[in-house]
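Notes follow the structure.
Number of protein chains: 2
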Amino acid sequence: MKADQAVAALAALAQEHRLALFRLLVQAGEKGLAAGAIAEALAIPNSSLSFHLTQLRAAGLIEQRREHRSIIYRAHYSAMNALLTYLMENCCAGTGCDPEPACLVQQEEGKSL
Amino acid sequence: MKADQAVAALAALAQEHRLALFRLLVQAGEKGLAAGAIAEALAIPNSSLSFHLTQLRAAGLIEQRREHRSIIYRAHYSAMNALLTYLMENCCAGTGCDPEPACLVQQEEGKSL
DNA sequence: CCTATATTTCCAGAATTATGGAAATAAGGA
DNA sequence: TCCTTATTTCCATAATTCTGGAAATATAGG
Chain A
31 MKADQAVAAL AALAQEHRLA LFRLLVQAGE KGLAAGAIAE ALAIPNSSLS FHLTQLRAAG
91 LIEQRREHRS IIYRAHYSAM NALLTYLMEN CCAGTGCDPE PACLVQQEEG KSL
Chain B
31 MKADQAVAAL AALAQEHRLA LFRLLVQAGE KGLAAGAIAE ALAIPNSSLS FHLTQLRAAG
91 LIEQRREHRS IIYRAHYSAM NALLTYLMEN CCAGTGCDPE PACLVQQEEG KSL
């Protein structure tokens with residue numbers, strides 16, 4: 031991951047409504063949620079929600095698909111993991127970070143982040 | 031962790047210089063780095079660096095201590111882990127997130143995040 | 001006390017971002 | 001085609017953030 035992608039992803043998450051929205055999608059899992067359901071859950075006007083969905087999508091953190099009349103959004107987990115990995119890359123100069131429980135993210139890889 | 035703390039931490043990281051700075055400190059480990067060394071490594075004017083250090087510190091992501099004439103900064107790993115955990119909280123509706131390698135952060139807890 | 005080093009504070013201009021109502025677009029069914 | 005539902009685009013206002021030079025503050029040593 032490159033620095034400007036990471037900045038874009040962090041900026042996308044650094045907003046009250048978008049953070050709540052992203053977490054909602056993280057918790058919803060692979061099946062995702064329709065835009066209308068999100069607007070209702072978060073009590074945000076449609077036009078504002080659409081703006082925030084666009085921001086998250088531009089940052090690569092969520093995906094959309096159309097299903098009948100609804101547009102379904104879901105979290106893009108691998109993008110999220112790439113971000114977490116980037117943040118903690120080469121952490122603690124390789125010393126293991128004790129006694130703090132840092133460096134968690136990098137220990138379970140070998141898969142496509 | 032509460033939502034507004036998470037937003038503050040993400041906003042602090044969502045800036046080119048601050049992200050590079052934070053990662054530099056993550057990689058430097060517990061011994062940290064002096065402000066001057068950071069300014070040199072990142073090629074940022076002192077006043078700008080000081081602004082960014084203040085932002086990161088206000089968000090709880092870094093700590094400072096004085097050592098002789100220098101002020102040493104280091105990453106606050108537990109705050110970082112609290113943020114990562116918050117982002118992925120209850121992820122994938124408990125289904126395990128396969129086939130994506132998400133949900134990494136929460137699997138190694140039992141320690142003070 | 002004077003000097004050198006290290007870092008922060010002050011400031012104002014430039015740039016970016018969030019908001020929500022109203023209108024526009026898209027899809028599906030009668 | 002016409003109607004209903006679902007979502008996005010447009011727009012102007014308001015608010016926030018970044019920048020870096022110059023001056024101020026803090027520490028240490030001679």
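Heads up: the sequence lines are chains A and B, in that order.
Each number in the working numbering comes from the position in the first sequence (counting from 1) with 30 added on.
Each number in the working numbering comes from the position in the second sequence (counting from 1) with 30 added on.
Glycine included, every Cβ here is placed at the ideal spot set by N, Cα and C.
Item                                                                                                        : Value
Span of the alpha helix (DSSP H), counted from its first residue to its last, around residue 97 of chain B  : Taken as a continuous stretch (DSSP letters only), residue 97 of chain B belongs to no alpha helix (DSSP H), being part of the beta strand (DSSP E) at 92–97.
C-beta contact flag for residue 49 of chain A and residue 65 of chain B at 9 Å                              : no
C-alpha gap between residue 86 of chain B and residue 51 of chain B, whole angstroms                        : 9 Å
Cross-strand partners of residue 63 of chain A (DSSP beta bridge)                                           : A:103
Nearest candidate by alpha-carbon position, reference residue 63 of chain B, set B:78, B:104, B:96 and B:53 : B:104
Distance between residue 68 of chain A and residue 117 of chain B (C-alpha atoms, nearest Å)                : 18 Å
Collapsed DSSP secondary structure at residue 33 of chain B in the structure displayed                      : helix
Within chain A, the residues that residue 31 of chain B reaches when beta carbons sit closer than 9 Å       : Residues of chain A passing the Cβ test: none, with the nearest at roughly 11 Å.
With 16 other Cβ atoms within 10 Å as the buried cut-off, status of residue 34 of chain A                   : exposed
Reduced DSSP category for residue 74 of chain B - H, G, I as helix; E, B as strand; rest coil               : coil
Cβ-Cβ distance between residue 106 of chain A and residue 97 of chain A below 9 Å                           : no
Residues near residue 71 of chain B by beta carbon distance below 7 Å, same chain, minus five either side   : 54
Contact with chain B by residue 64 of chain A, beta-carbon distance below 9 Å                               : no
Whether residue 43 of chain A touches residue 40 of chain B by CB criterion (9 Å)                           : yes
Residue 34 of chain A at chain B interface by Cβ criterion, 9 Å                                             : yes
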